[in-house]
Every structure is written in C-alpha cells, then in structure tokens.
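Novice: Would you mind keeping the following structure in view while I ask a few things?
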Amino acid sequence: MFRKILIANRGEIAVRIIRACREMGILSVAVYSEEDEDSLAAMLADEAICIGPAPSSYSYLSAERILSAAIAMGADAIHPGFGFLSENSRFAKMCEECHIRFIGPDSETIARMGSKSEAKKNMVEAGVPVVPGYPGVLPDSQTGKREAEKIGYPVIIKAVSGGGGKGMRIIRSQEEWDLQYASASREAEKAFGDSRMYLEKYLENPRHVEVQILADREGNVFHLGERDCSVQRHHQKVLEESPCSVLTETQRQKMGDAAVKAAKAVGYENAGTVEFLLDKQGNFYFMEMNTRIQVEHPVTEEVTGLDLIQAQIRIAAGESLPWKQEEIRLRGHAIECRINAEIPARNFMPCPGTVTDCHFPGGPGIRVDSAVYAGCRISPYYDSMLVKLIAHADTREAAIRRMEGALEELVLEGVETNQEYLHEILAHPVFRSGEHDTSFLEKYGSLNE
Ligand code: MV4
Numbered sequence: 047m048f049r050k051i052l053i054a055n056r057g058e059i060a061v062r063i064i065r066a067c068r069e070m071g072i073l074s075v076a077v078y079s080e081e082d083e084d085s086l087a088a089m090l091a092d093e094a095i096c097i098g099p100a101p102s103s104y105s106y107l108s109a110e111r112i113l114s115a116a117i118a119m120g121a122d123a124i125h126p127g128f129g130f131l132s133e134n135s136r137f138a139k140m141c142e143e144c145h146i147r148f149i150g151p152d153s154e155t156i157a158r159m160g161s162k163s164e165a166k167k168n169m170v171e172a173g174v175p176v177v178p179g180y181p182g183v184l185p186d187s188q189t190g191k192r193e194a195e196k197i198g199y200p201v202i203i204k205a206v207s208g209g210g211g212k213g214m215r216i217i218r219s220q221e222e223w224d225l226q227y228a229s230a231s232r233e234a235e236k237a238f239g240d241s242r243m244y245l246e247k248y249l250e251n252p253r254h255v256e257v258q259i260l261a262d263r264e265g266n267v268f269h270l271g272e273r274d275c276s277v278q279r280h281h282q283k284v285l286e287e288s289p290c291s292v293l294t295e296t297q298r299q300k301m302g303d304a305a306v307k308a309a310k311a312v313g314y315e316n317a318g319t320v321e322f323l324l325d326k327q328g329n330f331y332f333m334e335m336n337t338r339i340q341v342e343h344p345v346t347e348e349v350t351g352l353d354l355i356q357a358q359i360r361i362a363a364g365e366s367l368p369w370k371q372e373e374i375r376l377r378g379h380a381i382e383c384r385i386n387a388e389i390p391a392r393n394f395m396p397c398p399g400t401v402t403d404c405h406f407p408g409g410p411g412i413r414v415d416s417a418v419y420a421g422c423r424i425s426p427y428y429d430s431m432l433v434k435l436i437a438h439a440d441t442r443e444a445a446i447r448r449m450e451g452a453l454e455e456l457v458l459e460g461v462e463t464n465q466e467y468l469h470e471i472l473a474h475p476v477f478r479s480g481e482h483d484t485s486f487l488e489k490y491g492s493l494n495e
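Sequential numbering of the sequence shown, starting at 47, is according to the working numbering.
Next up, the structure:
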C-alpha cells in the first residue's frame, strides 16, 4: 500500500480523499494555490504545500508544479480527483515516468477514451450498442453533409476531443449544415485545439444514465449500478440519483453487462463511468466513458455501501477486488443535490464571497460532502460548488422527502445559492413522477413562470 498520497485537487473532493487516506492509514498531502491558503483541505491534510498563484493554469492545472510538489513531499501516489488534471493523459504519463502512481487508469487508456470517436469505435468492435452514425472522424464538412443525408435529420455533430456539450451542435436540416459545422469546429479548435468532428443521429429528449464500474489489474470488472443525471442545465448536472426510476431490472442488467464489456474491451483499470443515452423505447446507447471519479459518486456509495475512493486507492496499489457481481447489492434510493454559490434569478451567475455562517443538515440518511466552514471565502477563480447534499432512503419518494428536509435545514449565509431552486425541482410533479428526461430543466427550469 502507498505511504503518502498527494491530492491534486481542491474543495470537497480533496477533503473526501483526505478522509479516505486517514481511514486507510495513508499520509495525505494537500496542494493549494495562494488563493486557497485557508482551505479546509489544507487544514485537514497531514501536510500541505503551496503550488502557485490563483489561476488554475498556474496551480491546479500545472502538471509540472504538481509533480514537483509530489517529488518534494515524497508522495508515492497522486489522486487527481475530478476536473483539473484528472483526464489529462500527458499528466498521467509524466507520473508514470516519475514512478509516482497516478490513481486512475493508465495514460494510454485516458487518451483512447479522450478521443470520443476512437472510444466509440472500440465499443462497436466490442459489441456495445452505440448511437447510429458515421463511423469515426469526419474527413471534411462536405462528406459530413452527405452522410447526414443518409442518416436522416436531425443529426448531431460533436467534437472528437469534446464531451460535456462543448463543440456540439444539433442540426435539423441540410440548410443548417454549413453554418453549424463551421461554428462547432471553430469552437472545438478554440476549446480543445482539435477541430475534428464526428456525426450521430440525434435522439430527441433521452435520459442520461451512467454506469459506475470498478476494474482491477487482473481484469476483474464489476458494475455498481447506474446514476440518472437527466436533470441538467446547459450540460451542467444539477441533481443526480440512483437507481434510475424508469429502468427495469432486466434493462439494468443489460446496461451493467454492456458497461463491463466496454471496460474489458479496453483493458480498463480503476474506477470509471460508462455514459449511456436511454430513449423512450428503453433502448440504450454508449456515449462516452469517463476515466475519473465523478462528482456524483456518493449516490453510488450510498446505494452500494462501498467506498469508491478507497477502492480506487486499493486498485492503484495493485490489490484485486475479491468480489462476485452478485454480491454487489443495490439498496434503496439515493439523491445528490449540488449546492452552488450562484444567483438563479440572474441566469445562475456565480456569486463568490464569504460564507459568514453555516449550518449543515444531518439525521438518518443525510450525508454532506463539503469543504465549506463559517468564515471561508468562496473564490471567483474556481467552480462555485459549495456543498453536495446526499439523501438515502428505502424508496425514491422517501429520499426526496429527506432531501427536502435537508435543503430546508441547510443554512449558508453571505452568498446566494441555488437551494430554493433545487427545492422547487424536487417539488415539481414531472420530477416527482420520475418520468422526466434531459429536456426537463429546459421545459420547466426557468424561473418566474
Ligand atoms: C446526444 C444527444 C442526443 N443524441 N447525442 C450532451 C452532452 C454530451 N455528453 C452529449 N450530449 C447529448 N448527446 C445524440 N446522438 C443529447 C445530448 C444531450 C444531453 C445528454 C445528456 C444530458 C443532457 C443533455 C442535454 C442536451 C443534449
């Protein structure tokens, strides 16, 4: 097992990883930017080191600075958390070359899944269902236009290096093609330095359902149920839950098997998430694979009773998973709400400032993942997520009720938050019915209606 882990992240996920290290008897090192000197992570870790100025590119996104810190502090592994360097194959490769274990899959797997068209090709070969479309990268706009005609409109074009909505356009007729292709590839070039695009049939209002997997070095792969992340606003997840309310046990097994097949096909190691789109007929299609731990991992931890961060660390240290798939039982229903420092009435504009006072909810089935404390500053330089509230209960309705209570109890003074907005989502009859899809917030999520 590792002696000392450096956490290449900030906020609540850094705190979450420090806690896992503590339970495992592993020393933790926090890194912090000049802006984060007073962070909870820096206080809770066994050691902490400043890695640079506030802008992420000079601190949390600097592979060189992070690796230098790891070497200086004598860490034998790095946990990247999510965002920042977590899916950067160059960084994973640098760790490999420095003989510091990157807690995640190897750099080649990260690169392979980072190319969304290559990932999809691998899945076709493995027999995992994918959205119908043109196989591979589009050689040019004109070829794309001809292929779109064959597939039939509406279609969607996506950036090969994208994910999460950037460089993506829905095209509903041939007349729109030229303009949309040009604008999407320009956006992709700017965001990823890669203008390459791929093409798919556009599925109207699907659900976003993702399967958590764990894979060890020996090739044992397990699925840990799914998370429904259909409540999104501009490709930002707002609320996630497990299980998905419309999935039958048969579909769940099929989707889980497909996710395991996907992971096995690429020799995957560590924790990963296989994203699917689920249509109204109950068909599901592979979209992409995320090679990191995700923000919403706690809902899976609550329904499985497993500690995903500890599992990641054990796998990275070479331990095997001594389980059988049948032993992984899903119990009850879990929901996560992301509480952000933002002003819903001003188009969800971030609202940095000082949290002058706070009170976290508790009681049976309530979990709070946060790095916020009374007096802490919320920086304008980083993500505005303050708190993840997670409610777990026997049924979806009971979990929703627990979450409503937790949202009512939660006090965050000094900054505006989306607490009330989340409360309104939970109360909405369409959400309550469990029949919502990815168009839910577009349709019902605007304020003052
Ligand atoms: C799609 C789709 C419909 N058809 N692909 C959005 C982010 C990126 N991961 C892919 N996305 C979508 N891809 C096909 N072929 C609809 C979406 C989509 C979406 C997906 C998940 C959650 C919310 C969404 C909101 C709008 C569009």
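C-beta atoms are modelled at their ideal positions from N, C-alpha and C, and glycine is treated no differently.
Note that this is a predicted model, so its numbers are computed, not measured.
1. Using DSSP with H/G/I as helix, E/B as strand and the rest coil, what is residue 316?
2. Tell me, which residues are paired with residue 497 by DSSP?
3. When you compare the CB positions of residue 220 and residue 191, do they come within less than 9 Å of one another, or not?
4. Hey, residue 288 and residue 272 are a contact pair by Cβ (cut 8 Å); roughly how many whole angstroms apart?
5. Specify, as a first and last residue, the run of the beta strand (DSSP E) that residue 331 falls within.
6. Taking the alpha helix (DSSP H) that residue 153 belongs to, which residues open and close that run?
7. Measuring straight from C-alpha to C-alpha, what distance separates residue 47 and residue 150?
8. Output the distance between the C-alpha atoms of residue 409 and residue 415, rounded to the nearest integer angstrom.
9. Considering only their Cβ atoms, is the gap separating residue 257 from residue 234 smaller than 9 Å?
10. Assuming contact is defined by CB atoms lying nearer than 9 Å, are residue 167 and residue 181 in contact in what I supplied?
11. Where do the ends of the alpha helix (DSSP H) carrying residue 438 lie?
12. Beta carbon of residue 181: closer than 8 Å to some heavy atom of ligand 1?
13. Please list, in chain order, all residues of the same chain as residue 223 whose beta carbon is under 8 Å from its beta carbon, the five residues on each side excluded.
14. Less than 9 Å between the C-beta atoms of residue 305 and residue 259, yes or no?
15. Among the candidates 266, 137, 371, 490, whose CA atom is the shortest distance from the CA of residue 365?
16. Can the beta-carbon of residue 83 be found closer than 9 Å to that of residue 96?
17. Just to confirm my understanding: we take residue 391, look at its own chain, exclude 5 residues before and 5 after, and list those with CB closer than 7 Å. What are they?
18. Using the three-state DSSP reduction, which class does residue 467 fall into: helix, strand or coil?
19. So, using beta-carbon positions, are residue 426 and residue 396 closer together than 9 Å?
20. What distance in whole Å lies between the Cβ atoms of residue 109 and residue 136, which are believed to be in contact at a cut-off of 8 Å?
21. The beta strand (DSSP E) that contains residue 271, what's its start and end?
22. Decide if residue 467 is buried, meaning its Cβ has at least 16 other Cβ atoms within 10 Å, or exposed.
23. Would you kindly work out how many angstroms separate the C-alpha atoms of residue 344 and residue 406, rounded to a whole number?
24. For a minimum of 4 consecutive residues, which ranges assigned as the alpha helix (DSSP H) are wholly contained in the segment 335-389?
25. Between the Cα of residue 401 and those of 444, 458, 104, spot the shortest distance and give me the residue it belongs to.
26. Where do the N-terminal and C-terminal ends of the alpha helix (DSSP H) with residue 224 fall, by residue?
27. Along the chain, where does the alpha helix (DSSP H) containing residue 479 start, and where does it finish?
28. Per DSSP, what kind of secondary structure is residue 189 in: helix, strand or coil?
Specialist: Here's the rundown:
1. Walking along the sequence shown from the start, residue 316 turns up at place 270. DSSP places residue 316 in strand when its eight states are reduced to three.
2. Here the chain has residues from 47 to 495 only, and residue 497 is not among them.
3. Along the sequence shown, one-based indexing puts residue 220 at 174. Along the sequence shown, one-based indexing puts residue 191 at 145. Yes, Cβ-Cβ distance for residue 220 and residue 191 is below 9 Å.
4. For this step, residue 288 is matched to residue 242 along the sequence shown. For this step, residue 272 is matched to residue 226 along the sequence shown. Contact holds; Cβ gap of about 6 Å.
5. Here the question's residue 331 lines up with position 285 in the sequence shown. That run of the beta strand (DSSP E) goes 330-336.
6. Locating residue 153 in the sequence shown gives position 107, where the first residue counts as 1. Unbroken alpha helix (DSSP H) run through residue 153: 153-160.
7. On the sequence shown, residue 47 is found 1 positions in, with the first residue counted as 1. On the sequence shown, residue 150 is found 104 positions in, with the first residue counted as 1. Going from the Cα of residue 47 to the Cα of residue 150 covers about 15 Å.
8. Taking the sequence shown and counting its residues from 1, the one referred to as residue 409 is at position 363. Taking the sequence shown and counting its residues from 1, the one referred to as residue 415 is at position 369. Answer to the nearest angstrom: the Cα atoms are 14 Å apart.
9. As a working note, residue 234 is residue 188 in the sequence shown. As a working note, residue 257 is residue 211 in the sequence shown. For residue 234 and residue 257, no; Cβs fall outside 9 Å.
10. In the sequence shown, the residue the question calls residue 167 occupies position 121. In the sequence shown, the residue the question calls residue 181 occupies position 135. Contact: yes.
11. Position 392 of the sequence shown, counted from the first residue, corresponds to residue 438. Segment 431-439 is the beta strand (DSSP E) holding residue 438; no alpha helix (DSSP H) there.
12. For the purposes of this step, residue 181 is identified with residue 135 of the sequence shown, where counting begins at 1. Checking every heavy atom of ligand 1 against the Cβ of residue 181, none is found closer than 8 Å.
13. As a position in the sequence shown, residue 223 is number 177, starting the count at 1. Hits under 8 Å: 187, 190, 191, 194, 217.
14. Start at 1 with the first residue of the sequence shown, and residue 305 comes out as number 259. Start at 1 with the first residue of the sequence shown, and residue 259 comes out as number 213. Their beta carbons are under 9 Å apart, which means residue 305 touches residue 259 by this criterion.
15. Residue numbering aside, residue 365 sits at position 319 when the sequence shown is read from its first letter. Closest option to residue 365, Cα to Cα, is 266.
16. Along the sequence shown, one-based indexing puts residue 83 at 37. Along the sequence shown, one-based indexing puts residue 96 at 50. Closer than 9 Å, so yes.
17. Here residue 391 corresponds to residue number 345 of the sequence shown, with the count starting at 1. Answer for residue 391: 493, listed in chain order.
18. Here residue 467 refers to the residue found at position 421 of the sequence shown. Residue 467: helix per DSSP, three-state reduction.
19. Within the sequence shown, residue 426 is the residue found at index 380, counting from 1. Within the sequence shown, residue 396 is the residue found at index 350, counting from 1. A contact, by the Cβ cut-off of 9 Å.
20. Within the sequence shown, numbered from 1, the residue matching residue 136 stands at position 90. Within the sequence shown, numbered from 1, the residue matching residue 109 stands at position 63. With a Cβ gap of about 7 Å, residue 136 and residue 109 count as contacting.
21. Within the sequence shown, the letter at position 225 stands for residue 271. Element bounds for residue 271: 267-279.
22. Counted from its first residue, the sequence shown places residue 467 at position 421. Buried.
23. Here residue 344 is taken as the residue at index 298 of the sequence shown, counted from 1. Here residue 406 is taken as the residue at index 360 of the sequence shown, counted from 1. Answer to the nearest angstrom: the Cα atoms are 17 Å apart.
24. 343-350, 354-362
25. Numbered from 1 along the sequence shown, position 355 holds the residue referred to as residue 401. Residue 401 has its Cα closest to that of 458, out of 444, 458, 104.
26. As a first step, residue 224 must be located in the sequence shown, where it is residue number 178. Taken as a continuous stretch (DSSP letters only), the alpha helix (DSSP H) holding residue 224 covers 223-238.
27. Taking the first residue of the sequence shown as 1, we reach residue 479 at position 433. First-last of the alpha helix (DSSP H) with residue 479: 475-479.
28. Working through the sequence shown from its first residue, we reach residue 189 at position 143. It is helical.
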